[in-house]
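With this note's numbering applied, the sequence shown covers 821 to 1083.
The C-beta atom is built at its ideal place from N, Cα and C for all residues, glycine as well.
Treat the numbers as computed from the prediction; the structure is a model and nothing was measured.
Down below is the structure, laid out as structure tokens.
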Amino acid sequence: MEMRELKSFILLAEQLHFGRASRLLNLSQPALTKQIRRMEDELGAPLFERGRHGTMLSSLGKQFLKEARGVVANFDRLLESAHASALGESGKLSLGFGFHTLELVPRVIVKLRETSPGIQISLRDMSSAEQAEALRKGDLDLGFIRLPAPAEFKLLPVIKDRLTLISSAAFPLPPNATLANCRDLPFVSILETRSPGFYGHVLRLCGKHGFHPRVIQQVPEFTTALALVQAGLGVTVIPQSAGTSRFPGLRQHPIRDKDAAWT
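Now the structure itself:
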């Protein structure tokens, strides 16, 4: 899901009229409709209800609007913060990131290149713990780390996500399935060494639902996990923002648990 799509969704949610929103966005109405449908496909549910009385936000759309506004505002603040930090380092910026921000960081870099082409950016792929240590030593100027984070750091939330269960026809689950439905199913998981925080979070969440997941395969990326689930190897848990649109046939089952938040 791209930042421009979030901004299009927000404007449409405010206008509740595809024609007006497309004109304000300088898009054709079919292009705007395609953006919204792509977002709905990734989320697995409609954001808008379309009927005789016009366009209205669905229940998911109302909830998603609050989150989308926060993400867009935080993204803009992040760019400002990164720019200011770079200027303070004589045009150099050392930026740490983990696999959980692989979708966000490239957009930040592109924007910085556009607004400040003279900045020399150094990227380092590191876990949250490694970034925290590098920040303490002064080896990083900015880092993208998962919460909870050490109190000594100044934090700016940029991603608010939730975990979702992914299944395929090989292991069919009811639409309202919970983690408890998966106690006897094989799991595909992110490598514990790649993201110990995410791996541990999923284990704790499964434990809360009364079982320890039977992990038969660990992989380095969410896309690999989704491909294996599509191939019938098992089920997996991913952040909703990772999306499944590139993997036809997969079903998302949102985990309705307060501990399924992923920030």
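Can you tell me which of the three DSSP states residue i falls into?
i	result
V925	helix
V978	coil
R1071	strand
D1077	coil
G986	First, the amino acid is wrong: residue 986 is Ile here, not Gly. Reduced to three states, the DSSP call for I986 is strand.
F964	coil
E909	At E909, the pLDDT of 47 sits below 50, so the modelled position is not reliable; the number obtained from the coordinates is stated separately. E909: coil per DSSP, three-state reduction.
L993	coil
F829	helix
Residues in its own chain within less than 6 Å of residue i by CB, not counting five upstream and five downstream?
i	result
K912	Q940
Can you list, in chain order, the residues of its chain with a C-beta nearer than 8 Å to that of residue i? Leave out the 5 residues immediately preceding and following it.
i	result
A997	L985, S987, H1073
L832	F838, A841, L852, I856, F868, T875
N1001	L993, P994
L1046	I986, T1056, I1058, A1062, T1064, R1066, F1067, L1070
I1075	R982, L983, T984, L985, T998, L999, L1025, V1057
Identify which residue in the options has its Cα closest to the Cα of residue i.
i	options	result
S1009	K827, R870, P866, F1042	F1042
R1071	P995, H1029, P1059	P995
F973	A952, K980, A989	A952
G839	G874, F1007, E825, L863	G874
L899	L880, P926, G918	P926
R1066	T1044, A1080, Q1038	T1044
R1014	V1039, I1058, K854	V1039
W1082	Y1019, P1033, L845	Y1019
R1024	D1077, R824, L915, S848	D1077
L863	L844, S848, L826	L826
Please list, in chain order, all residues of the same chain as residue i whose beta carbon is under 7 Å from its beta carbon, the five residues on each side excluded.
i	result
G1017	S948, R966
N894	L976, P977, V978
F829	I856, M859, L867, A888
A902	L913, V928, L932, L962
L836	G874, T875, M876
A990	G1052
G881	A833, L867, F868
D1079	L1025, K1028
Given that a residue counts as buried once 16 or more other Cβ atoms are within 10 Å of its Cβ, and exposed if not, what is residue i?
i	result
E1095	A query on residue 1095 cannot be resolved here, the shown segment of the chain reaching from 821 to 1083 and no further.
M876	exposed
S1087	Residue numbering for the chain in the displayed model covers 821 to 1083; residue 1087 lies beyond these limits and cannot be assessed.
G918	buried
V1049	buried
G1069	exposed
I767	Outside the modelled stretch of the chain, which goes from 821 to 1083, sits residue 767, for which no answer is possible.
L915	buried
G1030	exposed
If you measure from the beta carbon of residue i to each beta carbon in chain D, is any gap under 8 Å?
i	result
I979	Given the protein chain composition of this structure (a single chain), no chain D is represented.
Taking only heavy atoms of the ligand ZN into account, decide whether any of them is closer than 7 Å to the Cβ of residue i.
i	result
G881	In the structure shown, the ligand ZN is absent, as is every other ligand, since no ligand is present at all.
Jot down the residue ranges of each uninterrupted beta strand (DSSP E) in the region 838 to 898, minimum 3 residues, whole runs only, in chain order. 868 to 871, 874 to 877
Pick out the complete beta strand (DSSP E) segments inside the region 1003 to 1069, 3 residues or longer, and give them in chain order. 1006 to 1010, 1034 to 1039, 1055 to 1059
Uninterrupted beta strand (DSSP E) stretches inside the region 929 to 953 (no shorter than 3 residues): 940 to 945
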